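Okay, structure first, notes after.
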Amino acid sequence: MQAARASAAARLADMGLPGRRDEYWRWTNPAPLLAEAVPEAEAFRVDTPIFSDLPKVRLVFTDGVYDAAASDDPKLAGVEVARLADAPEWAAGFYGSLEASGQSPVRRPFAALNTARASDGVMLRVTGKAARPLHISYRQSSNTSEAILHHCVMLEDGAELTLLETGTAAARANLVLEVEVGAGARFHHIRPQGRSYGHRLVSAIFARVGAGALFKSFTLSMNGRLTRNEAMIEIVGDNAVAHIAGAALGDGADGEFHHDDTVFVTHGAEGGESRQVFKKVLRHGATGIFQGKILVRPGAQKTDGYQISQALMLDDLCQFLAKPELEIYADDVKCSHGSTTGAIDETALFYLRSRGVPREEAVALLVLSFLADAIDEIDDAAIAAEILARLQEWLARHRG
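Heads up, the sequence shown is in this note's numbering, so the first residue is 3 and it goes up one at a time.
Structure follows, in structure tokens:
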């Protein structure tokens, strides 16, 4: 583990920390993530429980520290669970490996910083089909707290796991998740991020997907002064599937809202399928960013790559910036990307109003319809229903 940390520190020293001149940081100012002192979060909301009625094994982190008293017994058939500090031999060799390989073609300095300095995290080795989801629950108790957490998940061939990740880790947080999905394995990741108004977050997912395997990740973001979610997904086995989706809702009236999704999917094997589906709902000066790329390497024939990013602007004060990219070095592929920005459909709004639906309810219905494609990426109906309820709560609080 110390060798991985030293290697990450050397990578960080070589690449340096990001600035606004860096191509993939020109729309997001990293300064609040770099200041020595944690900028005070003016206010933070204690998250209402989510997934309360869902059978699961819960692991709790409070201000970036594992809270054994608040956590469940980590025993789960088919899953080995350990803390970063007690990393078993398999984790010591795995820790930081996907982050290191994911530094090309675009450098991820915050992820290298995380690998070098992470103070805690969960190491999961999945050897069978987990009977229940594993739930990493974050709690924030201070508006000046800081957390650097690094989680590793290794799914052996044919294994299955659903990982839930919820809440606000700290006033300022740097989170990394590394996932190795073995041949024929299935991994589902659902991440409703916390609703603290003032928090600053940079997160990175590094995933490697083997032959015939499935990787799916969905993120819900609401509020947050600055959020930067990165994902680097590499398809390395034939006929693998990788879907990553996100829904973000931001209201600048609650405080500054700046939300950045930056996603790279690399196809390195034949017959791979990838989907990137990102939707943002913005109002009152909120800013949304999407930077997404599909890279198809030579020999990755029969690739099916799809990418869509869309923003629904609820007023004229907000902005959405998008950079969709395709880079293809194979000739028998089906790849597409698109990005759109628009306002509420006045024709649809008029239709609902003409049938007696109050304006605020009609707008909420149209927003939910707009987000449907992203939510549909969640396979579990009970989990999708919880996400929908959280969206409805946000819309109820932000009417008018």
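Where is the CB? At the ideal position from N, CA and C, for every residue including glycine.
Computed from a predicted structure; not experimentally measured.
Does the distance from the C-beta atom of glycine 290 to that of phenylalanine 322 stay below 8 Å?
As a working mapping, residue 290 is identified with position 288 in the sequence shown. As a working mapping, residue 322 is identified with position 320 in the sequence shown. Closer than 8 Å, so yes.
Alanine 345: which of Gly18, Ala94 and Lys282 sits nearest, CA to CA?
The residue given as residue 345 occupies position 343 in the sequence shown. Measuring from the Cα of alanine 345, the nearest candidate turns out to be Lys282.
Note down the Cα distance separating glutamine 142 from serine 198, rounded to an integer number of angstroms.
Locating residue 142 in the sequence shown gives position 140, counting from the first residue. Locating residue 198 in the sequence shown gives position 196, counting from the first residue. Between glutamine 142 and serine 198, the C-alpha separation is close to 9 Å.
Buried or exposed for threonine 347, please, with buried defined as at least 16 other CB atoms from any protein chain shown within 10 angstroms of its CB.
Against the sequence shown, residue 347 aligns to sequence position 345. One point to set straight first is that residue 347 is aspartate, not threonine, in the sequence displayed. Label assigned to aspartate 347: exposed.
Alanine 172: buried (16+ other C-beta within 10 angstroms of its C-beta) or exposed?
The residue given as residue 172 occupies position 170 in the sequence shown. Classification for alanine 172: buried.
Indicate the three-state DSSP secondary structure (helix, strand or coil) for serine 139 in the structure shown.
To locate residue 139, count along the sequence shown from 1; it is residue 137. Three-state DSSP puts serine 139 in a strand.
Applying the 10 Å Cβ sphere with the 16-neighbour rule, what's the burial state of tyrosine 97?
As a working mapping, residue 97 is identified with position 95 in the sequence shown. With 16 or more other Cβ atoms within 10 Å, it is buried.
Can you have a look at glycine 227 and say buried or exposed, based on whether 16 or more other CB atoms are within 10 angstroms of its CB?
Sequence index remark: in the sequence shown, residue 227 carries index 225 (1-based). The displayed chain sequence assigns arginine, not glycine, to residue 227. Label assigned to arginine 227: buried.
Can you tell me whether glutamate 362 is buried or exposed, with buried defined as 16 or more other CB within 10 angstroms of its CB?
Within the sequence shown, the letter at position 360 stands for residue 362. Exposed is the call here.
Is tyrosine 140 closer than 8 Å to threonine 170 when the C-beta atoms are compared?
The count along the sequence shown starts at 1 and reaches residue 170 at position 168. The count along the sequence shown starts at 1 and reaches residue 140 at position 138. Closer than 8 Å, so yes.
Between leucine 151 and glycine 123, is the Cβ-Cβ spacing less than 8 Å?
The sequence position of residue 151 within the sequence shown is 149, counting from 1. The sequence position of residue 123 within the sequence shown is 121, counting from 1. Closer than 8 Å, so yes.
According to DSSP, simplified to helix, strand and coil, what is alanine 10?
By 1-based counting over the sequence shown, the position of residue 10 is 8. Residue state, collapsed to three classes: helix.
What is the rounded straight-line gap between the Cα of proline 76 and the Cα of glycine 130?
What you label residue 76 is simply residue 74 of the sequence shown in a count that begins at 1. What you label residue 130 is simply residue 128 of the sequence shown in a count that begins at 1. The alpha-carbon atoms of proline 76 and glycine 130 are separated by roughly 16 Å.
Quick one: grab the DSSP three-state call for leucine 393.
Mapped onto the sequence shown, residue 393 falls at position 391. If DSSP states are grouped into helix, strand and coil, leucine 393 belongs with the helices.
Since valine 128 and glycine 80 are thought to touch, with beta carbons under 8 Å apart, how far apart are those beta carbons, to the nearest angstrom?
Translated into the one-based positions of the sequence shown, residue 128 becomes position 126. Translated into the one-based positions of the sequence shown, residue 80 becomes position 78. Contact flag correct, Cβ pair sits at about 6 Å.
Nearest-angstrom Cα distance between leucine 251 and leucine 14?
Locating residue 251 in the sequence shown gives position 249, where the first residue counts as 1. Locating residue 14 in the sequence shown gives position 12, where the first residue counts as 1. Cα to Cα, leucine 251 sits roughly 32 Å from leucine 14.
Using the C-alpha atoms, what's the distance from isoleucine 310 back to glycine 340?
Sequence index remark: in the sequence shown, residue 340 carries index 338 (1-based). Sequence index remark: in the sequence shown, residue 310 carries index 308 (1-based). Using only the alpha carbons, I get a separation of about 5 Å.
Is it buried or exposed for threonine 482, if we count other Cβ within 10 angstroms and need 16 for buried?
Look at the range of the chain in this structure, 3 to 402, and you will see that residue 482 is not part of it.
Put lysine 316 into one of helix, strand or coil per three-state DSSP.
Numbered from its first residue, the sequence shown carries residue 316 at position 314. Here residue 316 is leucine; the residue named in the question, lysine, does not match the sequence. It is coil, neither helix nor strand.
Which partner residues does glutamate 327 have in the DSSP bridge list?
Here residue 327 corresponds to residue number 325 of the sequence shown, with the count starting at 1. In the DSSP output, where bridge partners are listed per residue, glutamate 327 has Lys295.
Can you look up glutamate 348 in the DSSP assignment and give me helix, strand or coil?
The residue you call residue 348 lines up with position 346 of the sequence shown. If DSSP states are grouped into helix, strand and coil, glutamate 348 belongs with the helices.
So, using beta-carbon positions, are aspartate 262 and tryptophan 29 closer together than 8 Å?
By one-based count along the sequence shown, residue 262 stands at place 260. By one-based count along the sequence shown, residue 29 stands at place 27. Cβ atoms of aspartate 262 and tryptophan 29: closer than 8 Å.
Can you tell me the Cα-Cα spacing of arginine 188 and aspartate 306, whole angstroms?
The count along the sequence shown starts at 1 and reaches residue 188 at position 186. The count along the sequence shown starts at 1 and reaches residue 306 at position 304. So the two alpha carbons sit approximately 19 Å from each other.
Using only alpha-carbon positions, find the residue among Ala93, Ser147, Ala113 and Phe112 that is nearest to leucine 2.
Look at the range of the chain in this structure, 3 to 402, and you will see that residue 2 is not part of it.
So, does the segment 292 to 303 touch the segment 5 to 12, judging by three or more C-beta pairs under 8 Å?
At 8 Å Cβ cutoff, the stretches do not touch.
Reducing DSSP to helix, strand and coil, say where asparagine 231 ends up.
In the sequence shown, residue 231 corresponds to position 229, counting from 1. It is a strand residue.
From what residue to what residue does the beta strand (DSSP E) around valine 283 run?
Walking along the sequence shown from the start, residue 283 turns up at place 281. Its beta strand (DSSP E) spans residues 275 to 285.
Going straight from the alpha carbon of phenylalanine 63 to that of leucine 177, what length do you get?
Mapped onto the sequence shown, residue 63 falls at position 61. Mapped onto the sequence shown, residue 177 falls at position 175. Roughly 12 Å separates the two Cα atoms.
Determine the burial state of proline 107: buried for a count of at least 16 other Cβ atoms within 10 Å of its Cβ, exposed for fewer.
Your numbering for residue 107 matches position 105 in the sequence shown. With fewer than 16 other Cβ atoms within 10 Å, it is exposed.
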